[in-house]
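Here is the structure we will look at.
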Amino acid sequence: MSHIDVTLSDPPRRAGANKFFFLALGMIGGTYVLLILMLLGADVAYLISDRSSEEVVVDFSVDANRTRIQSGESPSSRFASYGLSFSSVEDDSSLTFLDSSHPGAFKEFGTPHEDFGGAGTGAGGRRGVQTENDRPLGNVLLLTKEDVPARGTIKLHWKQPVELDRVTILNAGQGATLRAFSSDGSLAIARELVPGPSSGVLSEQLGIKDISQLDIHLPGGGALADVAFFWNGRLRADWEAAHPFLATLAYNPITNALAKPEIQHSIYLSLVSCTITTILSLWTAVPLGYLLSRHRFFGRDFIDAVLDIPIVLPPLVVGLSLLILFQFFPATLREAVVYKVPAVILAQYAVACAFAVRTMRATFDQIDSRREMVALTLGCSRASAFINIVLPECRRGMLTAGTLAWARALGEFGPLLIFAGATRNKTEVLSTTVFLELSVGDLGAAVAVSMIMVVSAIIVLVLARLWGTRTLSI
Amino acid sequence: MIHIDNVTIRAGDFHLANASLSVPTGSYGVLMGRTGSGKTSLLEAIAGLKPIVSGRILLGGRDVTTCTPAERHIGYVPQDGALFEHMNVREHLAFALKIRKAAPSHITHRVEHLAGMLEIEPLLSRSIHGLSGGEKQRVALGRALSFYPKILLLDEPLSALDEPTRRQMHRLLDHVKEETGVTTLHVTHQMFDVEHLADCIFRLDDGHIVHDSLPV
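So the sequences go chain by chain: A and B. The first sequence begins at 10 in our numbering and counts up by one. The second sequence begins at -7 in our numbering and counts up by one.
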């Protein structure tokens, strides 16, 4: 019999192979972590860098306070809240508002032109000319002297620089010259507008930033029909230039959003509805979770599967189903719930409760049932064992279930939109606020409200972690 | 006296048929058997925690077959104690008496007496977290004895303990037996656990109580 001598040696290992393995794992998984951090970082960066500008169109129908302007009034400080003032600089001329739809004696400043069925006269506004006066311009700011139209210069002065977008002039005959000055006083742009017969409308697209002053020289007289500009939405106080950081803290998209009454209402409704939803969810989740965890009964698997439906169902379908369900209910009940605050709570509850039940079931599964058995031998009934032993021991699970339900309710959107609507100051919660602000194009406010929600969610997450139930398998 | 008369238990695939045993009043009975032989199921059936298919269970001459666990008046120590997470040691010892709405002075007196007997006075204010295995078993034993039960059921209370602690527990159980005179049924799969304690030994094998030995 031959003897085979076998020598076993350790398998060859390259130094650092384990490091590479873990590095590879980290790189694959890390991309997702990076994505989450980038999402949050982008929001924060947007808020910090946000120089949101809103367009103001001063067409003289209303002033900065939305008060209607009457014909014959003078501009004085009607637009002071935009930091905008008007003056005339030559020949003792003055500025007066004129209703161009009823121009009276000033026919050449009537709009639209009589060719278009209006009160205006003059060759410059006729049909077919380049400067045709084809639409009503409402109030215009007319340069006058002793109550008759006069030549001269209308001067617009802004307290803080704006981006000048457009100027529309009702010409009296000899065109106009625009001279815009930057905040440092230098001439930013000078533009000669087409001269022509009277009653012509000259609209000039400018698009120049950092403008503090605009001189509109009207050699043959004329009126300013409108001026459009972008500004940052408010006048800065003097101290803000000296303390830019404090100014950013005091005035940023989040504080702007918080100052809006409709967003305050939305925050209030979110807090109230999420809290009620959480209480209702726990009220349901504790008994149901206990039943599913501790008892075997006919239909248990069916109930278990039914509880997954709100989790896997598309949220819109949940909302639609709620809406359909209420079609079968009496009209009085339907009217009291649908598109009202109860619908907000019901839509949140329909989804959030499923998560609370899952959490509570996992909690009860983790509590050793022998403790209840011991309590029974010590003299407890089933109910008193539940109250004295199970409830105190599932306290942390209840807090986790509650926070999860709360966070879930806060983020609910689809069912709310369908079942409760998104009516401002009625059924608007934070998630619908984001949608509504986006739909009106206010990205700054949408991101600000999103950040309020992100911060709330992070607080909830941290609390849930602190309560030490991170091991729950839900 | 613990008397089990032709008791049959079924739980899933497990089947214990026509088991009978009798532990005289004040005696220390030991039920032995391999792991999974049904010892714990039988103990739970005696405590009223597991339903039986047929047979009778008599405790102190009273038929308790249909009684709830609370009505059976049994002290029960499950494996590893199953202590209550949210209570400290004192609250464990007081729990059964509080449930029975005993006078606070009586509860205080009883807790101190039990703590003295089980040598756990220094632990009274401590949470159960951080107690050693032996300390946990003493607390579980104290909790089971707190309401003066006539019957004590112990489910492998010593199996997870190291050798010195187990010896301490032997002495302690001996002391409890002498002081309280409680009728005990102790389930274990380790002979050396019980050779000093047992008055009578039962052996459970293949779903039957196959051997009923005389006192060692």
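Backbone N, C-alpha and C define an ideal beta-carbon position, used for all residues, glycine too.
Are residue i and residue j close, meaning C-beta to C-beta below 8 Å?
i                        : j                           : result
arginine 160 (chain A)   : proline 228 (chain A)       : yes
alanine 11 (chain B)     : histidine 200 (chain B)     : yes
leucine 177 (chain B)    : glycine 21 (chain B)        : yes
leucine 165 (chain A)    : glutamine 79 (chain A)      : no
valine 171 (chain A)     : leucine 215 (chain A)       : no
glycine 453 (chain A)    : serine 440 (chain A)        : no
serine 290 (chain A)     : cysteine 362 (chain A)      : yes
alanine 185 (chain A)    : leucine 211 (chain A)       : yes
leucine 331 (chain A)    : phenylalanine 428 (chain A) : yes
isoleucine -6 (chain B)  : isoleucine 38 (chain B)     : yes
glutamate 402 (chain A)  : glutamate 77 (chain B)      : yes
valine 69 (chain B)      : alanine 132 (chain B)       : yes
leucine 51 (chain B)     : leucine 110 (chain B)       : no
valine 236 (chain A)     : threonine 140 (chain A)     : no
glycine 211 (chain B)    : aspartate 197 (chain B)     : The question about residue 211 (chain B) has no answer here: the residues shown for chain B are numbered -7 through 208.
isoleucine 288 (chain A) : leucine 301 (chain A)       : no
Measure from the alpha carbon of residue i to the alpha carbon of each residue in the options, then state which is nearest.
i                       : options                                   : result
threonine 162 (chain A) : A:Glu172, A:Asn180, A:Leu146 and A:Leu173 : A:Asn180
valine 71 (chain A)     : A:Ser86, A:Ser62 and A:Ser58              : A:Ser86
alanine 457 (chain A)   : A:Ile272, A:Ala128, A:Ser212 and A:Ala26  : A:Ile272
leucine 387 (chain A)   : B:Pro156, B:Gln160, B:Gly134 and B:Leu196 : B:Gly134
glycine 126 (chain A)   : A:Pro112, A:Arg144 and A:Gly137           : A:Arg144
cysteine 59 (chain B)   : A:Ser390, A:Leu331 and A:His304           : A:Ser390
arginine 188 (chain A)  : A:Lys168, A:Gln169 and A:Ile217           : A:Ile217
leucine 334 (chain A)   : A:Leu355, A:Leu43, A:Gly38 and A:Ile37    : A:Leu355
arginine 200 (chain A)  : A:Gly209, A:Gly38, A:His226 and A:Ala51   : A:His226
leucine 150 (chain A)   : A:Thr76, A:Met36 and A:Ser109             : A:Ser109
glutamine 169 (chain A) : A:Ser192, A:Leu152 and A:Val176           : A:Ser192
glutamate 117 (chain A) : A:Gly134, A:Ser459 and A:Ala268           : A:Gly134
threonine 32 (chain B)  : A:Ile396, A:Val469, A:Met382 and A:Val438 : A:Met382
leucine 325 (chain A)   : A:Val360, A:Trp240, A:Leu408 and A:Leu258 : A:Val360
leucine 425 (chain A)   : A:Ala73, A:Thr130, A:Leu445 and A:Ser83   : A:Leu445
lysine 42 (chain B)     : A:Val42, A:Leu385 and A:Val346            : A:Leu385
alanine 89 (chain A)    : A:Thr284, A:Lys349 and A:Trp167           : A:Trp167
cysteine 192 (chain B)  : B:Ala62, B:Val168, B:Glu148 and B:Thr17   : B:Thr17
threonine 86 (chain B)  : B:Leu189, B:Ser138, B:Ser119 and B:Glu36  : Contrary to the premise, residue 86 (chain B) reads as alanine rather than threonine in this sequence. Minimum Cα distance to alanine 86 (chain B) is reached at B:Ser138.
proline 158 (chain A)   : A:Pro121, A:Glu123 and A:Leu107           : A:Leu107
serine 209 (chain B)    : B:Gly53, B:Ile(-4) and B:Arg54            : Residue 209 (chain B) lies beyond the residue range present for chain B, which begins at -7 and ends at 208; the question has no answer from this structure.
valine 350 (chain A)    : A:Asp174, A:Thr76, A:Asp377 and A:Val438  : A:Val438
leucine 75 (chain B)    : B:Val56, B:His101, B:Leu123 and B:Phe6    : B:Leu123
alanine 234 (chain A)   : A:Pro121, A:Leu258 and A:Ile288           : A:Pro121
The beta strand (DSSP E) spanning residue i covers which residue range?
i                        : result
arginine 175 (chain A)   : 161 to 180
serine 97 (chain A)      : 93 to 97
asparagine 148 (chain A) : 148 to 154
cysteine 362 (chain A)   : Per DSSP, cysteine 362 (chain A) belongs to no beta strand (DSSP E); it is in the alpha helix (DSSP H), 350 to 375.
methionine 417 (chain A) : For the record, residue 417 (chain A) in the displayed sequence is arginine; it is not methionine. Taken as a continuous stretch (DSSP letters only), arginine 417 (chain A) belongs to no beta strand (DSSP E), being part of the alpha helix (DSSP H) at 404 to 420.
glutamate 213 (chain A)  : 210 to 227
threonine 172 (chain B)  : No beta strand (DSSP E) holds threonine 172 (chain B); the alpha helix (DSSP H) holding it covers 155 to 172.
In terms of residues, what are the limits of the alpha helix (DSSP H) holding residue i?
i                           : result
leucine 101 (chain B)       : The question names leucine, yet the displayed sequence has histidine at residue 101 (chain B). Histidine 101 (chain B) -> alpha helix (DSSP H) spans 96 to 110.
isoleucine 38 (chain B)     : 31 to 39
isoleucine 66 (chain B)     : Premise fails: isoleucine 66 (chain B) lies in the beta strand (DSSP E), 66 to 69, not in any alpha helix (DSSP H).
isoleucine 143 (chain B)    : Counting along the chain, isoleucine 143 (chain B) falls outside any alpha helix (DSSP H), though it belongs to the beta strand (DSSP E) covering 143 to 147.
serine 290 (chain A)        : 270 to 303
glutamate 63 (chain A)      : Here glutamate 63 (chain A) belongs to no alpha helix (DSSP H); instead the beta strand (DSSP E) covers 63 to 67.
alanine 250 (chain A)       : 247 to 251
valine 456 (chain A)        : 452 to 475
lysine 90 (chain B)         : 81 to 91
phenylalanine 444 (chain A) : 439 to 448
glycine 35 (chain A)        : 26 to 58
valine 138 (chain A)        : Valine 138 (chain A) -> no alpha helix (DSSP H), and no H or E assigned at all.
Please compile the residues from chain B whose C-beta is within a distance smaller than 8 Å of the C-beta of residue i.
i                     : result
glycine 393 (chain A) : Residue identity differs from the one stated: residue 393 (chain A) is serine in this sequence, not glycine. Those are Ile91, listed as they occur along chain B.
Residue i touches chain A at which residues, Cβ-Cβ below 9 Å?
i                           : result
phenylalanine 139 (chain B) : Leu387 and Gly388
glutamate 152 (chain B)     : The displayed chain sequence assigns alanine, not glutamate, to residue 152 (chain B). Result: empty, since nearest Cβ-Cβ is about 15 Å, beyond 9 Å.
alanine 107 (chain B)       : The premise fails here: alanine 107 (chain B) is roughly 17 Å from chain A at the closest Cβ pair, so nothing lies under 9 Å.
Quick one: which chain A residues come within Cβ less than 7 Å of residue i?
i                          : result
glutamate 77 (chain B)     : Glu402
phenylalanine 87 (chain B) : Leu387
alanine 95 (chain B)       : Residues of chain A passing the Cβ test: none, with the nearest at roughly 16 Å.
When every heavy atom of the ligand PLP is checked, does at least one fall within less than 7 Å of the C-beta of residue i?
i                      : result
arginine 391 (chain A) : What this structure holds is no ligand at all, so the ligand PLP is not there to describe.
If the cut is a Cβ gap below 7 Å, which residues of chain B does residue i touch?
i                        : result
valine 383 (chain A)     : Tyr68, Pro70 and Ala74
arginine 379 (chain A)   : Pro70 and Ala74
isoleucine 398 (chain A) : Phe76
Please list the partners that residue i has in chain A, where partner means a Cβ-to-Cβ separation under 8 Å.
i                   : result
alanine 3 (chain B) : Simply none; closest approach about 12 Å.
query: Which residues, taken in chain order from the stretch 31 to 60 of chain B, show a beta carbon closer than 8 Å to some beta carbon of chain A?
result: Of all residues in the stretch 31 to 60 of chain B, only Glu36, Ala39, Gly40, Leu41 and Thr60 come within less than 8 Å of chain A when Cβ atoms are compared, listed by chain position.
Contact residues within the stretch 170 to 192 of chain B, judged by C-beta distance below 9 Å to chain A
none
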